[in-house]
Each structure stands twice: as structure tokens, then as C-alpha cells.
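A.B. asks: The sequence shown begins at 140 in the working numbering and counts up one residue at a time.
Note that CB positions come from ideal geometry on N, CA and C, so glycine has one too.
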Amino acid sequence: MLQPTLPAGSVAPCLPGKTDKLPSGSEWLHEIKHDGFRVIARKTGVQVRLYSRHGNDLTYRFPLIVETLARLRSRSCIIDGEAVACDDNGVTSFDRVRYRHHDESIFLYAFDLIELNGDDLWRDPLEGRKATLEIILTKAGLGIRYNEHMTGDGETVFRHACKLGLEGIVSKRKERSGRSPDWLKMKNAEAPAVKREAEEDWGKERWR
140 MLQPTLPAGS
150 VAPCLPGKTD
160 KLPSGSEWLH
170 EIKHDGFRVI
180 ARKTGVQVRL
190 YSRHGNDLTY
200 RFPLIVETLA
210 RLRSRSCIID
220 GEAVACDDNG
230 VTSFDRVRYR
240 HHDESIFLYA
250 FDLIELNGDD
260 LWRDPLEGRK
270 ATLEIILTKA
280 GLGIRYNEHM
290 TGDGETVFRH
300 ACKLGLEGIV
310 SKRKERSGRS
320 PDWLKMKNAE
330 APAVKREAEE
340 DWGKERWR
């Protein structure tokens with residue numbers, strides 16, 4: 140089966156694999172998995188483009204992200220993140236992203252930095268990429284927010300995420316570079332996003 144060709148300027152994101160047991164230890168970090176659209180955000184000079192994980196152009200849909208990215212002081216950068224909107228309880232809601240176009244309430248939770256000022260950062264350890272990302276996003280504005288991470292026991296972080304009604308977490312090995320296979324996700328079965336996915340999968344099976 141032929142793989143779809145991504146448009147020029149787009150980058151295929153690193154996708155986490157599923158796990159039944161989350162890791163722990165000082166070599167791992169854990170991030171909240173937000174319920175939104177995966178976005179590769181690219182700035183080249185004054186030009187800004189937002190791409191989906193499949194390479195579709197989302198630039199027109201998220202004006203606040205575009206405006207904030209354009210104001211960053213870097214000459215160029217590629218940021219990996221999740222475009223989200225929050226409900227009244229402050230929890231990310233996929234429906235608020237899916238059904239809204241040109242909505243200025245949607246922002247980007249940024250969790251990785253792929254390129255900066257012409258330097259390819261894939262060879263750098265994840266921990267270093269995230270540290271640089273946090274620096275360049277200081278006072279960036281509401282359109283792009285740094286996705287914080289936690290260290291320690293992954294199972295403990297996951298339990299706290301579940302109590303808050305969040306989708307789950309992604310655990311990543313800090314010292315790995317490039318497209319590491321050490322990105323692992325576990326989802327909260329009671330979260331609205333996971334229930335929605337289960338219903339969609341059931342519908343597909345039903346009509347096969």
C-alpha cells in the first residue's frame with residue numbers, strides 16, 4: 140500500500156505507541172495527552188503554516204496560533220503540538236475544535252521543537268529540545284502554551300490525570316533523539332475522548 144506524500148514544508152509527527160504498563164524512573168518524563176488536533180506548526184521568516192498529522196493545511200482554522208507563532212523572535216522554527224479548546228471546566232474538548240473554523244479561542248499546547256533558526260534538532264535529546272522550546276515560548280502569548288511534563292512514576296501521573304477527567308498521558312524517554320520508539324501512551328477509558336473513539340470503532344465494525 141502506497142503511503143500518502145506529505146506536502147513540502149510538512150513533517151510527519153512522531154506517534155506514541157500504546158502500552159499496558161507505564162514506565163517509571165529518572166530517565167522518563169510524562170506529559171498530559173490533550174484531546175485536540177495534532178499540529179505541526181512551521182514558521183519561515185514571516186510566513187506561517189499549520190499542518191495536520193496527514194499534511195493537511197490547517198492554517199486558516201486557527202488564527203490565534205498563527206498570530207502567536209508569527210510574533211516569535213526566531214527566524215524559523217517547527218513546533219509539534221496539539222491544537223485545543225477548553226470547556227467550562229478547563230478540560231480540553233475535541234468537539235470544540237472539530238466543529239469550529241477560524242476560532243480565536245483555540246490555542247496550541249506545544250510539546251516538541253523540531254527545528255530552530257535552520258538547525259535540525261532531531262539529533263538532540265528530547266529533554267534538551269523541550270528546554271529550548273520552553274525558553275522560546277516565554278511570553279509568547281495565549282496562542283501557544285508550553286505543555287509541561289512531570290517526572291517520576293508514570294502510573295501515579297496517570298491516576299491523577301484520570302481523576303481530573305483527562306484523556307491520558309504520554310511517557311517519553313528524556314535522552315533519546317529523533318523519532319524515538321520510546322513514546323508510550325495510556326488512555327483513560329472513562330474520558331470523553333476515549334469513549335468517543337470506542338463508539339466510532341464499534342460503528343465501523345458494525346457496518347463491515
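First and last residue of the alpha helix (DSSP H) that includes R268?
C.D. replies: Per DSSP, R268 belongs to the alpha helix (DSSP H) from L265 to I275.
A.B. asks: DSSP state of L161, grouped into three classes?
C.D. replies: Three-state result, L161: coil.
A.B. asks: Can you give me the C-alpha to C-alpha distance between V230 and A300, rounded to a whole angstrom?
C.D. replies: About 11 Å.
A.B. asks: Just to confirm before moving on: does the CB-CB distance between A222 and F250 stay below 8 Å?
C.D. replies: Not a contact, by the Cβ cut-off of 8 Å.
A.B. asks: Do you know whose CA, among A224, E294 and T271, lies nearest G282's CA?
C.D. replies: That would be A224, whose Cα lies nearest to the Cα of G282.
A.B. asks: Can you name, in chain order, every residue of its own chain whose Cβ lies under 7 Å from the Cβ of F201, other than the five neighbours on each side?
C.D. replies: These residues qualify, in order along the chain: L189, A222 and I245.
A.B. asks: Going by C-alpha distance, which of T158, G317 and A328 is nearest I253?
C.D. replies: Cα-wise, what sits closest to I253 is G317.
A.B. asks: Hey, would you say L168 sits closer than 8 Å to K326, going by beta carbons?
C.D. replies: Against a cut-off of 8 Å, the Cβ pair of K326 and L168 comes out as no contact.
A.B. asks: Considering just the uninterrupted stretch of the alpha helix (DSSP H) at D234, what are its terminal residues?
C.D. replies: Here the alpha helix (DSSP H) through D234 covers F233 to R237.
A.B. asks: Our contact map puts Y248 next to G220 with C-beta atoms below 8 Å; I'd like the distance itself, whole angstroms only.
C.D. replies: The Cβ separation is near 5 Å, so the contact holds.
A.B. asks: Anyone know if the C-beta pair for L265 and S213 falls short of 8 Å?
C.D. replies: Contact flag unset, no.
A.B. asks: How many whole angstroms separate the CB atoms of K172 and E273, which I take to be in contact at a CB cut-off of 8 Å?
C.D. replies: About 19 Å separates the two Cβ atoms, so there is no contact after all.
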